[in-house]
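Q: If you're matching them up, the sequences are chains R and X in order.
Mapping the first sequence onto the working numbering, position 128 (from 1) lands on 115, and the numbers just tick up by one.
In short: position in the second sequence from 1, add 218, done, that's the working numbering.
Ideal Cβ placement from N, Cα and C applies to all residues, glycine included.
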Amino acid sequence: MTGPRLRLVGIRKAFGATQALASVSLEVAAGEVHALVGENGAGKSTLLKILSGVHEPDAGRMELEGRTYSPARPSDARALGVGMIYQEVTLAPHLSVRENILLGAESSRLGWIDARASRRRAQEALAVLGYDHFPLERATGEFTIAEQQVIEIARALLLKPRVLIMDEPTSSLTKSDTERLFGVIGRLRAQGVSIIYVSHFLEEFLRIGDRYTVLKDGETVGVGSMGEATVDRLVALMTGRPVSDLYPRSERSLGEPVLEARGLGRSPRLRPTSLTLRNGEIFGLAGLIGAGRTDLARALFGLDRADTGTVAVFGRPEASPSPRGSWARGLGFLSENRKEEGLMLNLSVRDNITMTKAGAFGRLGWISHTRQSAASRRWVGDLAIKCRDSDQGVGQLSGGNQQKVALARLLEHPARILILDEPTRGIDVGSKAQIYEIIGRLAAAGKSVILVSSYLPELLGLCDTIGVMHRGELVAVRPRGEWSEPELLRHAVGRE
Amino acid sequence: MTGTLRRIAAKGGPFIGLILVIALFSAPAETRGYFLTYHNFKIIFTQSVIVSIGALGMTMIIVSGAIDLSVGSTVALTGVAAALLIQHGWGAAPATLAAVALGGAIGLLNGAAVAGLRMPSFIITLGMLGIARGTAKWLADNQTVNYDASPVNGWMTTANPSGHALPAGVWLALALAVATSVLLKKTVFGRHIFALGSNEAAARLCGIPTVRLQVMVFALAGCFFGLSGLLQLSRLRLGDPTVAVGLELDIIAAVIIGGASLNGGSGTVLGSIIGALIMAVLRNGSQQMGWPNYFQEIIIGVVIIAAVFLDRFRRGGRA
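1) Can you check whether the C-beta of CYS424(X) is within less than 8 Å of a C-beta belonging to chain R?
2) By Cβ distance, which residues of its chain are closer than 6 Å to VAL298(X), with the 5 residues on each side in sequence left out?
3) Using 10 angstroms around the beta-carbon of VAL171(R), count the other beta-carbons present and answer buried if the total reaches 16, otherwise exposed.
4) Should GLN178(R) go down as buried or exposed, given a rule of 16 or more other Cβ atoms within 10 Å for buried?
5) Which ranges would you report for the alpha helix (DSSP H) in the segment 208 to 295 of chain R if only whole runs of at least 4 residues count?
6) Measuring CB to CB, does LEU514(R) end up less than 8 Å from VAL218(R)?
7) What are the start and end residues of the beta strand (DSSP E) that includes MET346(X)?
8) VAL298(R) bridges to which residues according to DSSP?
9) Considering only their Cβ atoms, is the gap separating LEU394(R) from GLY427(R) smaller than 8 Å?
10) Can you pull the chain R residues whose beta carbon is under 7 Å from the beta carbon of SER484(X), in chain order?
11) Should ASN364(X) be flagged as near chain R, meaning a C-beta pair shorter than 8 Å?
12) Could you check what DSSP says for GLU26(R) in three-state terms: helix, strand or coil?
13) Can you pull the chain X neighbours of ILE88(R), defined as C-beta to C-beta under 9 Å?
14) For the segment 399 to 413 of chain X, which residues have a CB atom closer than 7 Å to at least one CB atom of chain R, in sequence order?
15) When DSSP labels each residue in this structure, what does VAL239(X) get in the three-state scheme?
16) Could you check if ILE404(R) is buried or exposed, using at least 16 other CB atoms within 10 Å of its CB as the buried criterion?
17) I think ALA524(X) touches GLY493(X), with their Cβ atoms under 8 Å apart; what is that distance to the nearest whole Å?
18) Relative to the C-alpha of ALA17(R), which residue among LEU438(R), GLY481(R), SER57(R) and ARG(-6)(R) is closest?
19) Under the three-state reduction of DSSP, which class applies to ILE522(X): helix, strand or coil?
20) At a Cβ cut of 7 Å, what residues of the segment 52 to 71 of chain R count as close to chain X, listed as they run along the chain?
21) TRP366(R) by DSSP, collapsed to three states: which one?
22) Of all the CB atoms in chain R, is at least one closer than 8 Å to the CB of ALA419(X)?
23) When Cβ atoms are compared, which residues of the segment 92 to 123 of chain R fall closer than 8 Å to chain X?
24) Any beta carbon from chain B within less than 8 Å of SER282(X)'s own beta carbon?
25) Spell out the partners DSSP gives GLN6(R) in its beta bridges.
26) Tell me which residues share the same chain as GLY70(R) and place their Cβ nearer than 6 Å to its Cβ, disregarding the 5 neighbours each side in the sequence.
27) Does THR77(R) get closer than 8 Å to chain X when you measure Cβ to Cβ?
28) Reducing DSSP to helix, strand and coil, say where ALA463(R) ends up.
29) What are the boundary residues of the alpha helix (DSSP H) that includes ILE279(X)?
30) Within 8 Å (strictly less), CB to CB, does LEU242(X) reach chain R?
31) So GLY317(R) packs on VAL336(R), CB below 8 Å; how close in whole Å?
32) I'd like to confirm the pairing. Which residues does DSSP put opposite TYR199(R) in its beta bridges?
33) Buried or exposed: which applies to ARG65(R), given that a residue is buried once 16 or more other Cβ atoms fall within 10 Å of its Cβ?
34) Please list the terminal residues of the continuous beta strand (DSSP E) segment that includes SER435(R).
35) For LEU272(R) versus LEU287(R), is the C-beta spacing smaller than 8 Å?
36) For SER416(X), which residues in chain R fall below 7 Å Cβ to Cβ?
Below is the structure:
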């Protein structure tokens, strides 16, 4: 075998006083899937940005197929054969599929777009992925997230990359879409493309990874072959300590019903659904994306008005709940869309935590900052939110800490029934464990939780009861002990 | 397929609106006899030229995700400058080129400030609104700039006002509309403008020179605004530094009525031109109905809001 396709040695990068990368080395062979593992803040993002030409390293050497590799901007990296799939979708929603795939690399003659050549090239790129009949002329915004991701990968493949970097490609995909993505990755590997794969789902690495590199605090702390790795070993390397149990079981007993939905429906996405949540219960909602989990959660809280049915909270039925009324009745809602619906990113930690009850912090409409700060400081300490102080903008915090701020808001309110939609999406393992711990603690203290999640181990590890949704219907509700991962999946895809 | 129907409705929406306003003024007894005549439409077309040409530039800017509030001032400044040049003996062609170039230069400044300083276009062009207006008044010494006859004066009228021929300005606007539409639809430059407005981060990641593109969009649009300024001069037959106050709002309204989104990424030349025509028909019809000026303003305000509301409604469930 010749040398590695991509080799990084002693990469360093500082932003101001923060040393993001202290000493990173990375070797990726031709045609391998290389897992890049690390907690948030370990330096993965910085490393990816250096690889894709967004940042330049302060020191260190990068080689692509034995030649010095130093991209000055993303288009350089692309031209040199390093493609990147970003975590957030980076398509122009108004442009067609064809235009997005060819964006920045159009087939043109003297500035005029050559429609025929464009179509052919876009089709070829999609065919590599096994998608032969994709509607090329439709606006990209009309496609699902999973389909958009296919478009994005096709764009990255257009320039025949030798290294393809994928940052959290499955974070917003359902299980079946993830499977299809793995198929695509397998195809690319067979064609000799090297893939650097970043994910928070360690189980994924074990399935598709060939080798791994673990980053911690800006340094490479572990390299090895995936065949000899286990989740526990990777977690231990990432966190620097063994994680004996990610899902702490709290002592709790289920009490009286606190929330009862009867025939709650909202056509066409939510068919009339009934469920009962008891005091101290963690009720999990499983299902594929689009199965109606989020619709149910939103209808329960009154964010979307239900067409039929009632929601009774603490025994008092309400035909058409509103968010304002729900807050008043002790319900709290955490949106799956943290950045757009959950937090005011340019406001401070303090303002975000006290948002729903700002009135309680003052008199006659004037807000007392002292009392607001005191309240937020309590939660910053309680939930171990890492921030400079409660004045810091929420947008500057890591994903895990942002999610803790969102949780703190519900707790400050105080909500007795928490509806949490994908509370651990896109955050690192350490923060996940902390959020699990917080949820367990809340249930033990007599709060009730509805937990919507696409991550089955999390539901199985945390919930007392799990219900599976399929095509807008709650098809099965059972105690956790009666569920297994394959069983949940079978119900979710409608083959029970 | 409902998708196809919706697409037809989305494309035809502004056109249906135009038919509706024309029908509105064709029915009443006061206007029935005259409104639908060729001669009246000749007037409507001529009256819509300045807004239409401005709307071509504005469509590019709005599609790119920006806005330009300095158009009215740019029109006044370029008009005054051209009037002064003609006063100093310049011919029609060089004076026109100078007005277009000056408009382009103002756009270049706007674009350089927006893209280079990373400032919102709303702020930069709000500043330019004052700068250009002040400069126009300064150059004109706070009074109108008069000049002896020039061929420029004939571009918004025809030798025989009751004849069938359309004035040169109308043909110019039509030719530019076709050219701009082709530019936006068929060229790499045009599609990159859409990409910029649709998702700037994506455009940058794909290696599109977003800063240069934004500057070019403003500069090119500025050329259109300079041409509007010259046609304003042609219509008034003098350079007036206080003319066209608030013209940018008419132009923005035309583009929005035509179906463009203020968030960028969508908009068509045809839609914007129809938007300009809808406003011209409303003005013309209101005058013939003998409605007072304030009433016209109220109607146009209502139409803008209704058009955008219907547009969103038409696009259906997607927020």
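A: Checking against the coordinates, here is how it stands:
1) yes
2) ALA354, LEU357, ALA358, VAL363, GLY457 and PRO459
3) buried
4) exposed
5) 218 to 226 and 280 to 288
6) As displayed, chain R neither begins before -12 nor continues past 483, which places residue 514(R) out of reach and without an answer.
7) First-last for MET346(X): 339 to 357, but that is the alpha helix (DSSP H), not the beta strand (DSSP E).
8) ALA248(R) and GLU305(R)
9) no
10) HIS81
11) no
12) coil
13) Within 9 Å Cβ-Cβ: nothing; ILE88(R) doesn't reach chain X, min ~10 Å.
14) LYS404, THR405, VAL406, PHE407, ARG409, PHE412 and ALA413
15) helix
16) buried
17) That belief does not hold up - the Cβ atoms of ALA524(X) and GLY493(X) are roughly 13 Å apart, past 8 Å.
18) ARG(-6)(R)
19) helix
20) PRO61, SER62 and ARG65
21) helix
22) yes
23) ALA92, GLU93, SER95, GLY98, TRP99 and ILE100
24) Absent from the structure is chain B; the protein chains it does hold are R and X.
25) ALA1(R)
26) ALA143, PRO148 and LEU151
27) yes
28) strand
29) 256 to 281
30) no
31) At roughly 24 Å, the Cβ-Cβ gap does not stay under 8 Å, so GLY317(R) and VAL336(R) are not in contact.
32) ALA22(R) and GLY211(R)
33) buried
34) 435 to 439
35) no
36) ALA79, PRO80, HIS81 and LEU82
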